[in-house]
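Asks:
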Amino acid sequence: MNAVQSRGSRAILTFLGIGLLSGFMSGLFGVGGGTVIVPMLVTFAVFTQKYASGTSGASIIVTASVGVISYAIDGQVDWLAALLLAIGGIVGAPIGASLLHRLSEAFLRWFFVGFLLVVIVSLFFIIPDRDASVPLNVWLGIALVALGVVTGILSGLIGVGGGIIVVPVLILVFGASDLVAKGTSLLMMIPTTISGAWKNARNHNIDFVAAAVIAVATVVTTPLGTLVATHVDPFVGNLLFAAFLLVIAVQMGLKARRASRNKKEA
């Protein structure tokens, strides 16, 4: 019996609340929303980590699509850059999954926490130009594919969303506008998320009712988050994104600490 059948309307309201919050965060920061959906499903809907991840991935397809449309209306999506990132992500994800049991989870999580802390500090010093796009030539194109590969590997290894990596790197390294970075990040997520959702569906790791309710709720708030992102000052946008990344870094650090403790006890 799934969560909806066992908890009735309370579960539906829980899924609606999760979808409304994750949709707004997705539109505001250019992330898929899984960093919000997964822990909330585990905490408030009593989902297992695997079931929550599968359900989140299925709902994010809709969330990312709505976000892309919202950013594309204002011309804030670099379609070619997103394609190159997606190609790399599709290559990297299975590599990460295959390395999952060969590398130290605790080390990888601490490494990622370090990466996030560097990004957070950098966001206070580098203010994105709203008129900037992603510059492209052969070498930068290769670099985008490589970034997609790294993103895919980390996603497969420790379950981080692509937007948490892609958005700050596009801003800090490629000099993209924060809005273009967010819109492009959401677009590159769609093909990789569809691939993951297909696999999770075959493995029965998706609660389709929960995914549908969450997805419908995100349709309401994702455009709102996008609207807020386009109207806030770039520096304020950096501060908000830094605060969001800090929350993710704390969560990742706690998981790394738990993984280290479990390894010592084993």
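The numbering of the sequence shown is this note's numbering, which starts it at 17 and goes up by one. Yeah, the Cβ is synthetic: ideal placement off N, Cα and C, and Gly gets one too.
1) With C-beta atoms as the reference, is G48 less than 9 Å away from G104?
2) To the nearest angstrom, report how far apart I143 and A217 are at their CA atoms.
3) Report the residue ranges of all alpha helix (DSSP H) runs contained in full by the stretch 233 to 281; include only those spanning at least 4 residues, in chain order.
4) Confirm, please, whether the CB-CB distance from Q267 to T71 is below 9 Å.
5) Using a threshold of 9 Å, state whether the C-beta atoms of A231 and I77 are closer than that.
6) If G178 and T167 are in contact, beta carbons under 8 Å, what's the gap, nearest whole angstrom?
7) D194 by DSSP, collapsed to three states: which one?
8) Could you have a look at I222 and say whether DSSP puts it in helix, strand or coil?
9) Determine the contact status of L100 and V182, defining contact as a CB-CB distance below 9 Å.
10) Assuming A361 and K198 are in contact, meaning their beta carbons sit under 8 Å apart, how far apart are those beta carbons, in whole angstroms?
11) Are S291 and S138 close, meaning C-beta to C-beta below 9 Å?
12) Suppose contacts are defined by Cβ-Cβ distances below 9 Å. Is L170 in contact with G108 by that definition?
13) Measure how close the beta-carbons of S75 and I53 come, nearest whole angstrom, since I'm counting them as under 8 Å.
14) Please return the same chain residues whose Cβ sits closer than 8 Å to the Cβ of I34, not counting the five positions on each side in sequence.
15) By alpha-carbon positions, which one of S81, F63 and L44 ends up nearest to T209?
16) For Q65, which residues of its own chain have a beta-carbon under 8 Å away from its beta-carbon, when the five flanking residues on both sides are left out?
17) What three-state label does DSSP hand F140 in the structure shown?
18) Is it buried or exposed, A213, if we count other Cβ atoms within 10 angstroms and call 16 or more buried?
19) Assign D90 to one of two classes, buried (16 or more other C-beta atoms within 10 Å of its C-beta) or exposed (fewer than that).
20) Which of the three DSSP states is assigned to L92 in this structure?
21) Per DSSP, what kind of secondary structure is A122 in: helix, strand or coil?
22) I need the boundaries of the alpha helix (DSSP H) containing A27, first residue and last residue.
23) Looking at L173: is its Cβ nearer than 9 Å to the Cβ of L133?
24) Going straight from the alpha carbon of F63 to that of D223, what length do you get?
25) Once the 5 residues before and after F260 are set aside, which same chain residues still bring their CB inside 6 Å of it?
26) Cα-Cα, which of S201, M205, T200 and G269 is closest to G73?
27) Suppose you measure from the CA of D249 to the CA of L256; what does that come to, to the nearest Å?
Replies: Once the coordinates are examined:
1) no
2) 41 Å
3) 250 to 281
4) no
5) yes
6) 5 Å
7) helix
8) coil
9) no
10) Only positions 17 to 282 of the chain appear in the structure, and residue 361 is not among them; the question remains open.
11) Within the shown structure, residues of the chain are numbered from 17 to 282, placing residue 291 beyond reach of any answer.
12) yes
13) 7 Å
14) V52, I53, M56, L57, F60, A61, I230 and A233
15) S81
16) V54 and V58
17) coil
18) buried
19) exposed
20) Inspection of the sequence shows that residue 92 is occupied by Gln rather than by Leu. Coil at Q92, not helix or strand.
21) helix
22) S25 to F45
23) no
24) 10 Å
25) F45
26) M205
27) 11 Å
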